[in-house]
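The numbering of the sequence shown is the numbering used here, which starts it at 330 and goes up by one.
In what follows, a single structure is set out as structure tokens and then discussed.
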Amino acid sequence: MGNNNVACFHRHRGSFPFPCLFQLGTHATINMTPSTTHTFNDGSFSEKREVSYTVEGSTCNLALARCVYRDGSVDLLTFLIHDSIICSNSMEMLYLQIYKTNTGFLHMIDFKSNGSSIPWTKTKKTVHPYGDVTDTKVYLYASANRSGLLIWKCKKTAYHEDAKEVTMAHYFVNGNGTTVVNRSIETTNVGFSVLVKVGVCDGKFDIISEGPEQHPVSALLYMFNQVNESGIWKPSMCPDCGKHSQVSWQSDFEDNDGVSLPPPQGSRQNVVTIVNDGRFRGHAPGASIRCMNFNAYN
């Protein structure tokens, strides 16, 4: 959702240029706006970039904001969400905040602007070999023709409550279907995703953002059900993403954590991956081998 490396490393990838105003049919638009800055009396300032979906009068706004202190340091990132089907007024928002600690870990806080907690639909703690832990929170919500999925995923070490890496994902769906809620009227069919991964590199925030990316509505609704049932999320759980999983940027959001996932719909190809320790995952005979890309940034 934009690039600015003054006080943090930020890499953005997506199918839409930034900024842009993109019309999808008659009743749907995507608006990606550049940075807006608010300066405070002490010389610090806040900066954010936004993505807005407007479909048939229903709106959903996403923003990634950072607070830059007077000395140029950035210790706070905030992912803000305003969706008209879950927010009672234009000022109400959901906040996912990430603080960079002196120890190099990430401290997370999530809340609503009215002071209440985000009503997470499901939470899951996964313990991996060698003691690492992944905490996943899922918030699935819906109205007559709209549904959304918010993911808050934290990777932690066995000995520290704060995270070493945080991923936030938001999926937006407007369309006919019956996978999440009953929809009985014709409507505009669109589906989008925005993903943000945050870590720490050389004492600075290291951010990778992707999206908005467009997906078939049926693929996202299928994924919504899978995530809601299992409490597990990976981008490849979307059948549309699973078909294109060889694309290099997806390795940034796809974890090699050994969690087994159901195969994408319509997928018959036997795929083998080579994980970080050199082991094969999958059955090699008759399979294609997917090479993971390892990139170093400075």
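Glycine included, every Cβ here is placed at the ideal spot set by N, Cα and C.
Remember, it's a predicted structure, so these values are computed and weren't measured experimentally.
Let me make sure I understand the geometry here. Which of the options has the alpha-carbon closest to that of residue i?
i	options	result
I537	A498, S547 and P568	A498
L524	F408, G401, D412 and N557	F408
L479	S375, E379, G560 and T362	G560
Y398	K493, D371, I415 and T358	D371
I427	P448, D404, K441 and I414	D404
C416	K453, C396 and A471	A471
G477	V519, S442, K453 and K485	V519
K533	C483, S381 and T430	T430
C451	Y468, S442 and N443	According to the sequence as given, residue 451 is Lys; it is not Cys. It is Y468 whose Cα lies nearest to the Cα of K451.
H356	K454, N443 and S387	S387
T358	C389, M420 and V529	C389
V527	K482, F501, Y500 and G540	K482
G504	A473, R342 and I414	A473
P448	K454, T455 and F440	F440
S446	T455, C349, L423 and K453	L423
E421	F351, I414, N443 and S402	N443
R340	V380, D535 and H367	D535
R475	E385, W562 and G354	E385
Can you say whether residue i is buried or exposed, counting buried as having 16 or more other CB atoms within 10 angstroms of its CB?
i	result
I438	exposed
L425	buried
F369	exposed
M552	buried
D400	exposed
H544	buried
G460	exposed
T516	buried
E558	exposed
D412	buried
P458	exposed
D569	buried
M361	buried
K485	buried
P363	exposed
M566	buried
G540	buried
T366	exposed
Relative to the ligand HEM, is the shortest distance from any of its heavy atoms to the C-beta of residue i smaller than 7 Å?
i	result
G444	Only the bare structure without any ligand can be found here, which leaves the ligand HEM out of the picture.
Mapping DSSP to helix, strand and coil, what is residue i?
i	result
M566	helix
S547	helix
G540	strand
Y500	strand
S617	Residue confidence is low: S617 scores 34 on pLDDT, short of 50, so the model does not pin down where it sits. Its coordinate-derived value is still stated next. S617: strand per DSSP, three-state reduction.
G520	strand
G386	coil
Y488	coil
Y424	strand
G528	strand
G560	coil
P591	Residue confidence is low: P591 scores 49 on pLDDT, short of 50, so the model does not pin down where it sits. No coordinate-derived value is stated.
V510	Unreliable placement is indicated for V510, whose pLDDT of 46 sits below 50; the coordinate value is still reported in the next sentence. Three-state DSSP puts V510 in coil, outside helix and strand.
Taking DSSP's pairing of strands, which residues face residue i in a bridge?
i	result
T452	K466
A392	E379 and L409
S472	None; S472 has no bridge partner.
Q555	Partner(s): none; Q555 has no beta bridge.
C349	M361
I480	V467 and A498
R310	Past the boundaries of the shown model lies residue 310; the chain is included only from 330 to 627, so the question cannot be answered.
H436	Y428
H367	S375
K441	L423
Return no unless some Cβ of chain B is closer than 8 Å to the Cβ of residue i.
i	result
S402	Chain labels in this structure do not include chain B; a single protein chain is all it has.
Are there three or more Cβ pairs, one per stretch, closer than 8 Å when the segment 458 to 469 is compared with the segment 372 to 381?
Short answer: they don't touch.
When the Cβ atoms of the segment 488 to 495 are set against those of the segment 428 to 436, are three or more pairs found closer than 8 Å?
Contact between the segment 488 to 495 and the segment 428 to 436 is present, because at least three Cβ pairs lie under 8 Å.
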